[in-house]
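>
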Amino acid sequence: METILSLVNSMNNLLWNSLLLVLLCGTGIFFTIRLKFIQVTKLKEGFQLIFGNFSSNGSKKHERKEGEMTPFQALATAIASQVGTGSLTGVATALIGGGPGAIFWMWVSAFFGMATIYSEATLAQKYKTTIDGEVTGGPVYYIQQAFHGKAGKMLAASFAVLITLALGFMGNMVQSNSIGTAFSEVFGNRNIHVSPVVIGVLTAALSGFIFLGGTKRLASVVEKFVPFMAFVYIIGSLGLIVSHISAFPEALKMIFVSAFQPKAILGAGAGITVREAIRFGVARGLFANEAGMGSTPHAHARAKAKNPHEQGLVAMVSVFIDTFIVLNLTVFAILTTGVLDSGKEGIALTQLAFMKSFGSLGDIFVAVCLFFFAFSTILGWHFFGKVNVEYLFGKKSGKIYSLLVLVFIIIGSSLKLNFVWALSDLFNGLMVIPNVLALLALSGVVAFIYKKYGSKQRIEEEKQTQESTALE
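As structure tokens, this is what we get:
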């Protein structure tokens, strides 16, 4: 195991210390400039598109084809995959591996990533297709549009294999590992021994029930799960941060100073460099918000959207909610309570932070919230992987894939924390490459869609048309 971990870490260092930092951030900067800082100028419009159509059922009803979702369901499915363990466990591992400065680089990568994910969702809508009467889409379809012939098919197939490994198998091991660790911590604090494998089996059983229900059951569950779990965690986290508000300015200072001078905050003995702060910030940021990874476009492709531009704006909001709201709550919960140097790691560190404010209820609160976060991510990632497995092997392969995912969920619950995260970083990084290459190749298409549907003139024309129709 140690030999494999060493090899995986070496490959991760090669990927994350150079190639992916340039590729991810460079792509985000490129689209930010080409789309005229869309994450600033159009963010308000994105929120209006989502919550302007919001109702007790998630959003206004649309006439939809088989497999299609409402824009809100697509957003909920995307956020379900994004706001997983990355927002609770990933933050803790980033703070330990890269210091508080890693959070600054998370923010930077997420800001530029909002332009990248707009492009992903826009292209997913543009090139979605219907197979056997069911709407589907994702990077494999726009990769083939970007690179024609054998090259396009090979690149699409490589992406399909990598995302299946990265999310369906390795990624879901991370989710079950975090759930198992969180509940083991709860029971351990009360001198009760419960094997993480038992928790893994229960998680797999619940997951299997949703898997059997297909896209309809997934959409129905996540559109109710996501708002609920986000609301509960936000309220609890804000309560904790407010109770330690005097430590907030120092926590903020730690993030900005150690982003460029880690030793000034952590001391020479910590051994964390600026490069490591950037590496962990971008890597864990990608795990949390998935911008550029090619995962969430599978959900956005299935949305019944008015046009590709509008679904791109919805996708942009998902990164904002994940990184700049939910993720930051965990960051400041850990930093304001001063538990960073406690020796705890992963979800146990987050639980310790909440126990500082809520006592013996703190670890239970985090474990329950984590279960909702991680479970919804398992559902989303299983769905994303399934689309690609069926692309490679046909419709019948979906059931075999689902069974394998359940096996990996059980296996992942008992593995060591750093091993499952190292594997996840590796495969997440590899799947970025074909996806981002296609985005860059199709950047002209993205710019055209933005100009066609996102210009002020176009918006005014649509507004006047709607007003004229209302008067008639």
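For what it's worth, the numbering used here labels the leading residue of the sequence shown as 181, then goes sequentially.
All C-beta atoms, glycine included, are put in the ideal place defined by N, C-alpha and C.
According to DSSP, is A463 helix, strand or coil?
Residue 463 sits at position 283 when you count from the first residue of the sequence shown. Looking at A463 - three-state DSSP - the assignment turns out to be helix.
> Would you say A468 and G270 are within 8 Å of each other, going by their C-beta atoms?
Translated into positions along the sequence shown, residue 468 becomes position 288. Translated into positions along the sequence shown, residue 270 becomes position 90. For A468 and G270, yes; Cβs fall inside 8 Å.
> Hey, would you say T503 sits closer than 8 Å to A290, going by beta carbons?
Numbered from its first residue, the sequence shown carries residue 503 at position 323. Numbered from its first residue, the sequence shown carries residue 290 at position 110. For T503 and A290, yes; Cβs fall inside 8 Å.
> Specify whether the stretch 408-415 and the stretch 543-557 touch according to this definition: at least 3 beta carbon pairs, one from each stretch, less than 8 Å apart.
Result yes; three or more Cβ-Cβ pairs closer than 8 Å.
> Are the CB atoms of T517 and H424 nearer to each other than 8 Å?
Position 337 of the sequence shown, counting from 1, holds the residue named residue 517. Position 244 of the sequence shown, counting from 1, holds the residue named residue 424. Going by C-beta atoms, T517 is nearer than 8 Å to H424.
> For the alpha helix (DSSP H) containing T503, list its first residue and its last residue.
The residue you call residue 503 lines up with position 323 of the sequence shown. Note, T503: premise wrong, no alpha helix (DSSP H); not H, not E.
> Run through the DSSP bridge pairs and tell me what T310 is partnered with.
One-based indexing of the sequence shown puts residue 310 at position 130. Answer is V315.
> Can you grab the Cα-Cα spacing for the pair N371 / G523, in whole Å?
The sequence position of residue 371 within the sequence shown is 191, counting from 1. The sequence position of residue 523 within the sequence shown is 343, counting from 1. Roughly 20 Å separates the two Cα atoms.
> I'd like to check one pair, F327 with A621: are the Cβ atoms closer than 8 Å?
The residue labelled residue 621 in the question sits at position 441 within the sequence shown. The residue labelled residue 327 in the question sits at position 147 within the sequence shown. In contact: A621 and F327 (Cβ atoms closer than 8 Å).
> Can you list, in chain order, the residues of its chain with a C-beta nearer than 6 Å to that of G360? Leave out the 5 residues immediately preceding and following it.
Reading the sequence shown from its first residue, position 180 is the one you call residue 360. Here the set comprises P376, I379, G380, S593.
> Alpha carbon to alpha carbon, what distance is there between I323 and F588?
Looking up residue 588 in the sequence shown gives position 408. Looking up residue 323 in the sequence shown gives position 143. Looking at the two C-alpha atoms, the distance is approximately 28 Å.
> May I have the straight-line CA-CA distance separating E314 from R455, to the nearest angstrom?
Along the sequence shown, read from residue 1 onward, the residue named residue 314 stands at position 134. Along the sequence shown, read from residue 1 onward, the residue named residue 455 stands at position 275. When rounded, the distance between both Cα atoms is 45 Å.
> I'd like to know whether the C-beta atoms of L619 and T207 end up nearer to each other than 8 Å.
Residue numbering aside, residue 619 sits at position 439 when the sequence shown is read from its first letter. Residue numbering aside, residue 207 sits at position 27 when the sequence shown is read from its first letter. Taking 8 Å as the Cβ cut-off, L619 and T207 qualify as a contacting pair.
> Count the C-beta pairs between the stretch 429-436 and the stretch 280-294 that are closer than 8 Å, then say yes if the count reaches three, no if not.
Verdict: yes, contact present.
> I'd like to check one pair, I527 with L520: are the Cβ atoms closer than 8 Å?
Residue 520 sits at position 340 when you count from the first residue of the sequence shown. Residue 527 sits at position 347 when you count from the first residue of the sequence shown. No. Outside cutoff.
> Residue range of the alpha helix (DSSP H) that S186 falls in?
Numbered from 1 along the sequence shown, position 6 holds the residue referred to as residue 186. From DSSP, the alpha helix (DSSP H) with S186 extends over 182-194.
> State the Cα-Cα distance for the pair L507 and F349, rounded to the nearest angstrom.
Position 327 of the sequence shown, counted from the start, is the residue given in the question as residue 507. Position 169 of the sequence shown, counted from the start, is the residue given in the question as residue 349. Computed Cα separation, rounded: 24 Å.
> Between L586, E490, A272, which has its C-alpha nearest I218's C-alpha?
Numbered from 1 along the sequence shown, position 38 holds the residue referred to as residue 218. Ranking the options by Cα distance to I218, first place goes to E490.
> Please work out which residues of its chain come closer than 6 Å, Cβ to Cβ, to G542, disregarding the five sequence neighbours upstream and downstream, and give them in chain order.
Sequence index remark: in the sequence shown, residue 542 carries index 362 (1-based). Closer than 6 Å at Cβ, skipping near neighbours: F534, M535.
> Since I believe L595 is in contact with M353 (beta carbons under 8 Å), could you give me their beta-carbon distance rounded to a whole number of angstroms?
Working through the sequence shown from its first residue, we reach residue 353 at position 173. Working through the sequence shown from its first residue, we reach residue 595 at position 415. That belief holds up - the Cβ atoms of M353 and L595 are roughly 7 Å apart, short of 8 Å.
> Buried or exposed: which applies to S635, given that a residue is buried once 16 or more other Cβ atoms fall within 10 Å of its Cβ?
Here residue 635 refers to the residue found at position 455 of the sequence shown. Exposed.
> Between the alpha carbons of A336 and F363, how many angstroms are there, rounded?
Looking up residue 336 in the sequence shown gives position 156. Looking up residue 363 in the sequence shown gives position 183. Between A336 and F363, the C-alpha separation is close to 39 Å.
> How is T212 classed by DSSP in three states: helix, strand or coil?
Indexing the sequence shown from 1 puts residue 212 at position 32. Residue state, collapsed to three classes: helix.
> How is the alpha helix (DSSP H) around L347 delimited, first residue to last?
For the purposes of this step, residue 347 is taken as residue 167 along the sequence shown, with counting starting at 1. Per DSSP, L347 belongs to no alpha helix (DSSP H) and is neither H nor E.
> In whole angstroms, what is the alpha-carbon distance linking G492 and F500?
In the sequence shown, counting from the first residue as 1, residue 492 sits at position 312. In the sequence shown, counting from the first residue as 1, residue 500 sits at position 320. Going by the C-alpha atoms only, they are around 13 Å apart.
> Just the Cα atoms here: how many angstroms apart are L347 and V612?
Within the sequence shown, the letter at position 167 stands for residue 347. Within the sequence shown, the letter at position 432 stands for residue 612. Using only the alpha carbons, I get a separation of about 12 Å.
> Leaving out the 5 sequence neighbours to the left and right, which residues in its chain are closer than 7 Å to I629 when beta-carbon positions are compared?
Residue 629 sits at position 449 when you count from the first residue of the sequence shown. Correct list, in chain order: T302, K306, P488, H489.
> Please classify G232 as buried or exposed, where buried requires at least 16 other C-beta atoms within 10 Å of its C-beta.
In the sequence shown, counting from the first residue as 1, residue 232 sits at position 52. Label assigned to G232: exposed.
> Check for me: the alpha helix (DSSP H) holding Q441 runs from which residue to which?
The sequence position of residue 441 within the sequence shown is 261, counting from 1. Unbroken run through Q441: none, as it is neither H nor E.
> Measuring CA to CA, which of G317, I276, S604 is closest to E470?
Locating residue 470 in the sequence shown gives position 290, where the first residue counts as 1. Cα-wise, what sits closest to E470 is S604.
> Using the Cα positions of M191 and S198, report the straight-line distance between them to the nearest angstrom.
In the sequence shown, residue 191 corresponds to position 11, counting from 1. In the sequence shown, residue 198 corresponds to position 18, counting from 1. For M191 and S198, the distance between alpha carbons rounds to 11 Å.
> Report the rounded CA-to-CA distance for G317 versus F227, giving the unit in angstroms.
As a working mapping, residue 317 is identified with position 137 in the sequence shown. As a working mapping, residue 227 is identified with position 47 in the sequence shown. One C-alpha to the other measures close to 24 Å.
> Is the CB-CB distance between A495 and T510 below 8 Å?
Locating residue 495 in the sequence shown gives position 315, counting from the first residue. Locating residue 510 in the sequence shown gives position 330, counting from the first residue. No, the Cβ-Cβ distance between A495 and T510 is not below 8 Å.
> Check whether the Cβ atoms of I558 and S358 sit closer than 8 Å, and answer yes or no.
By 1-based counting over the sequence shown, the position of residue 558 is 378. By 1-based counting over the sequence shown, the position of residue 358 is 178. Result no, Cβ atoms of I558 and S358 do not sit closer than 8 Å.
> Ordered along the chain, which non-local residues of its own chain (more than five positions away) have a Cβ less than 6 Å from that of E525?
Taking the sequence shown and counting its residues from 1, the one referred to as residue 525 is at position 345. These residues qualify, in order along the chain: I276.
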